[in-house]
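Data first, discussion second: the structure below is written as C-alpha cells.
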Amino acid sequence: MTAMRMATERQGGTAGTAGVTVATALLAGPALMAGYGAVRLVGRAVGDYGPGVWWTAAHLLFLAGVLTFVPVFPGLRRLAGERGGKRVAAGAAAWAGLLGTAAVAVQAGIDLVVGFVAADEDAMGELFGRVQAVPGVMPLVYTVVPLLFWVGLLGLVTLLAFLRRDVVPGWAPLLVLAATVLMAASLDLLPVGGLCLGLALLPMRRGAPGGDGAEQAGGAGDGPADESRGTVVG
27 MTAMRMATER
37 QGGTAGTAGV
47 TVATALLAGP
57 ALMAGYGAVR
67 LVGRAVGDYG
77 PGVWWTAAHL
87 LFLAGVLTFV
97 PVFPGLRRLA
107 GERGGKRVAA
117 GAAAWAGLLG
127 TAAVAVQAGI
137 DLVVGFVAAD
147 EDAMGELFGR
157 VQAVPGVMPL
167 VYTVVPLLFW
177 VGLLGLVTLL
187 AFLRRDVVPG
197 WAPLLVLAAT
207 VLMAASLDLL
217 PVGGLCLGLA
227 LLPMRRGAPG
237 GDGAEQAGGA
247 GDGPADESRG
257 TVVG
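Residue numbers are given in our numbering: position 169 of the sequence shown equals residue 195, and the series is strictly consecutive.
Shown next, in the form of C-alpha cells:
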C-alpha cells in the first residue's frame, strides 16, 4: 500500500467519524434536552426537586444536551457551502451559536455545583444570588450571551432552508422557532420544545457527512435556564 493511499484512507476514516458524530448529535442534543425537562417534571411531581438526585440527574442531561450541539454548529455551517456570502453568514451564525453554547454550559455547571454544595432550597437560592451578584455574570451567563445559542441555531437553519432545500425543508425554521418560544414560555414545556427541535433537525442528518444520503447532499451544495432564573436559554 502506497503512502498516498494510506493518507487517503486515513482522511476518509476521519471524515466518516466526524460525520457520524454530527448526524448523531442532531438527534441526541434535542433528546437530551427533552430528557432534562422530563426528569425535572418528575422531580417536581414527587416533591424532591432541590439539592439531590433529581436535580443532579436533570442538570447532567441539560449539560450533556448543550455540549452535544458543539459539533452541530460547524456541521450545519459546512452544509451551507464554502463560497461567497453564504459562507460568511453561516460562519457568523455558527460562531454565535457556539458562544451561546459555552455560556449555557457554564450556566449548567453552576447549577450542578450549587446543587452539590447547598443543603436545601433556601441555601441554593442564597448561592445563586451570590453568583449572579458578581459583575458581568448575569449578561454573560444568564440573560444575553446564552440567547446566542438560539439565535445562531435559528439563523443557520433558516439560511439552510434557502440554500439547501434538498436537505432542509421550509418548515424546519418554524419548528426551531416554536421550540425556542415553548421553552421560553415555561420550563414545563421543555419536553415538547425538545421534540419540536428534534423534528426540525432530523432531516438534516441526510446532509451531514456520514449521515443518510450525505454523499448526494454534499454534492448539491457549493447551537434553557434553570428555575433559579425563570428564563430558558438552552
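Note that CB positions come from ideal geometry on N, CA and C, so glycine has one too.
The structure presented is a predicted model; accordingly, all values stated were derived computationally and were not measured.
In this structure Gly196 is exposed. Its beta-carbon is surrounded by fewer than 16 other beta-carbon atoms within 10 angstroms. The beta carbons of Leu203 and Gly126 sit no closer together than 8 Å. The three-state reading of DSSP puts Val79 in helix, counting H, G and I together. One Cα belongs to Gly224, the other to Ala145, and the distance between them is close to 36 Å. Excluding the 5 residues flanking it on each side, Val92 has same chain C-beta neighbours closer than 7 Å at Thr127, Val130, Ala131, Ala134 and Gly260, in chain order. Going by C-alpha positions, Gly123 is about 30 Å away from Arg70.
Pairing Gly141 with Pro77 gives a Cβ-Cβ distance under 8 Å. Ala159 sits exposed, since fewer than 16 C-beta atoms from the chains shown fall within 10 Å of its C-beta. Comparing alpha-carbon positions, the option among Leu52, Gly219 and Thr206 lying closest to Leu102 turns out to be Leu52.
When only Cα atoms are considered, Val163 and Arg191 end up about 40 Å apart.
A distance of 8 Å or more separates the beta carbons of Val170 and Ile136. Ranked by how close their Cα comes to the Cα of Tyr168, the residues Leu182, Leu201, Ala210 and Lys112 have Ala210 in first place. Assignment of Trp197 by DSSP, reduced to helix, strand and coil, places it in the coil class. Leaving aside the five residues that flank Met150 on each side, the residues in its chain whose CB is nearer than 8 Å to its CB run, in chain order, Gly76, Pro77, Val140, Gly141, Ala144 and Ser254.
Its Cα nearest to that of Pro56, the residue Leu227 stands out among Ala106, Arg231 and Leu227. In the same chain as Pro229, and ignoring 5 residues on each side of it, the C-beta atoms closer than 8 Å to its own belong to Val193, Val194, Pro195 and Ala198, in chain order.
DSSP places Val96 in the coil class of the three-state scheme, outside both helix and strand.
In the three-state reduction of the DSSP assignment, Ala131 falls in the helix class, which pools H, G and I.
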